[in-house]
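Each residue of the sequence shown is one higher than the one before, starting from 2 at the first, in the working numbering.
Beneath this line is the structure, given in structure tokens, with notes to follow.
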Amino acid sequence: MATIADRLQAADTARRATQRLQRWNRIYTFSRRWMVDTELARAIHDAALEAGLDPELGFRLVNVESQFKEHATSGVGAAGLTQVMLPTARYYEPKITKEKLYNRETNLRIGFKYLRDLIDEHHGNVKLALLTYNRGGQAVQNELSLGLDPSNGYDRKVMRGYVGSARVRLSSARSDD
């Protein structure tokens, strides 16, 4: 006869297995939708959740910024999947080199953390956060202070068709596998 502790342990094991299956189902779905390999989809999914972002927003950002090309470099020197500038990256990791910005996990971690911080700074306004991510805080603030709309179309490009939430509860965000 199973004890209560045995039943609780079995239920917990089943719950964790279900969470792992759900996670991999989401990753596989993103992989197919965005036509990227499963490992890249896993990295984007997990890094977005780790930063407290909806993975859908993470995939959209990476698509617009680099078209999922890990070694993308912009004309102004932004690097990697999330097109992070070296000075911005050094705010988060002071000793980082430009070469390390091409590392998948490093780039996603820094880019998504930066976006999360901008969303928080703009009190949940994803549009302003995205514009600041793309144009820089000073350019956005200058236009706002003049009563102008700082939008350059970047926010609409990232958000086109997006119905998710920029905020994600981390408690249910990720399981280990």
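All C-beta atoms, glycine included, are put in the ideal place defined by N, C-alpha and C.
DSSP places V141 inside the alpha helix (DSSP H), whose first and last residues are 138–146.
Annotated three-state conformation of V77 is coil, per DSSP.
Taking a cut-off of 8 Å for Cβ pairs, the region 24–32 and the region 114–131 do not touch, as fewer than three such pairs fall below it.
Annotation for R117: A52, G53, L54 place their beta carbon closer than 8 Å to its own, counting only its chain and skipping 5 residues before and after. Distance from the CA of G138 to the CA of L132, rounded to the nearest whole angstrom, comes to 8 Å.
Note on geometry: alpha-carbon atoms of T83 and T4 lie some 51 Å from one another. In the DSSP annotation of this structure, the continuous segment of the alpha helix (DSSP H) that includes K114 starts and ends at 105–122. For R24, the enclosing alpha helix (DSSP H) stretches over residues 5–35.
Its Cα nearest to that of P56, the residue G112 stands out among G112, T19, H123. Residue range 39–52 is occupied by the alpha helix (DSSP H) that includes H46. Collapsing the DSSP output to three states places V164 in coil. Residue environment: A80 is assigned as buried (16 or more neighbouring CB atoms within 10 Å of its CB, all protein chains considered).
Using a 10 angstroms sphere on the CB of V77, the tally of other CB atoms stays under 16, which defines it as exposed. Using a C-beta cut-off of 8 Å, the region 145–165 makes no contact with the region 37–50, since fewer than three inter-stretch Cβ pairs fall below that distance.
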